[in-house]
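*Asks:*
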Amino acid sequence: MTGIRELPVGQTHLAHAAFAELRPRYAVDVDRFVARVDTVQRPQGYRLLAAFDPDDTAAAAVAGFRFIANLAWGDILYIDDLSTRADFRRRGYGAGLLDAVAAEAGRLGCDAVHLDSGHQRYDAHRVYLASGYRITSHHFAHDLH
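For the sequence shown, this note's numbering gives the first residue as 12, with consecutive numbering after it.
#1: State the beta-bridge partners of G14 as determined by DSSP.
#2: Could you give the residue range of the alpha helix (DSSP H) that holds L108?
#3: Assuming R96 and A29 form a contact by the criterion Cβ under 8 angstroms, report the distance between their Cβ atoms to the nearest whole angstrom.
#4: For I15, tell me which candidate among I146, F151, P65, L33 has the shortest Cα-Cα distance.
#5: What residues are listed by DSSP as bridge partners for H125?
#6: Determine the extent of the beta strand (DSSP E) in which R77 is found, giving its start and end residues.
#7: Based on the DSSP output, what are the partners of T95 in its beta bridges?
#8: Expressed to the nearest angstrom, what Euclidean distance is found between the alpha-carbon atoms of H156 and A38?
#9: Give the DSSP-derived three-state secondary structure of R58 in the structure shown.
#10: Which class does P35 belong to by DSSP, given the choice of helix, strand or coil?
#11: Taking the alpha carbon of R77 as the reference point, which residue from P54, A83, A69, G21 has its own alpha carbon closest?
#12: Cα separation between F99 and A69?
#13: Considering only the alpha carbon of each residue, which of E17, L25, A141, A74 lies closest to D67?
#14: Measure the beta-carbon distance from V48 to T23 and round it to whole angstroms, keeping in mind my assumption that it falls under 8 angstroms.
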């Protein structure tokens, strides 16, 4: 791993390959992905951290997160998206990103870091649990379309 760094506007495309594995609806069109992140999500406070392998220019793993303040959890960083490209799994990139987000949360004076994960993502759950995360609730959704 060469390092973890924040991706500013203009470098969002470097996260596409990793995001494509987690969010397949954006897999085909990198421009659509970049537009969504840069024009919709970033204005809402969304930020991207990326971990890079020395042999590749695209991110090996990415974390998309944002600050949330609410009555239930206090001030937190919420991880919306965390994905490692299949070829780079089991090399510590995901855990490194979790550590980096936690460090940023501490720097910002947050109370915690939160994330949701699909119930079937067992490999990801092992990483979260090994990184000190706890299962604290059920998440419910009501689709409108």
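C-beta atoms are modelled at their ideal positions from N, C-alpha and C, and glycine is treated no differently. Please read all numbers here as calculations on a predicted model, not as lab measurements.
*Replies:* Inspection of the coordinates gives the following:
#1: DSSP output for G14 lists F63 as bridge partner(s).
#2: Start and end: 104-118.
#3: The pair is a contact, with the Cβ atoms about 5 angstroms apart (cut-off 8 angstroms).
#4: A check of alpha carbon separations from I15 across I146, F151, P65, L33 identifies P65 as the nearest.
#5: DSSP output for H125 lists Y89 as bridge partner(s).
#6: Start and end: 72-81.
#7: According to DSSP, T95 bridges with A72.
#8: Looking at the two C-alpha atoms, the distance is approximately 22 angstroms.
#9: DSSP places R58 in strand when its eight states are reduced to three.
#10: DSSP places P35 within a helical segment (H, G or I) once states are collapsed to three.
#11: Nearest C-alpha to R77: P54.
#12: Roughly 11 angstroms separates the two Cα atoms.
#13: Of the candidates E17, L25, A141, A74, the one whose C-alpha sits nearest the C-alpha of D67 is L25.
#14: Right, their Cβ atoms sit about 5 angstroms apart.
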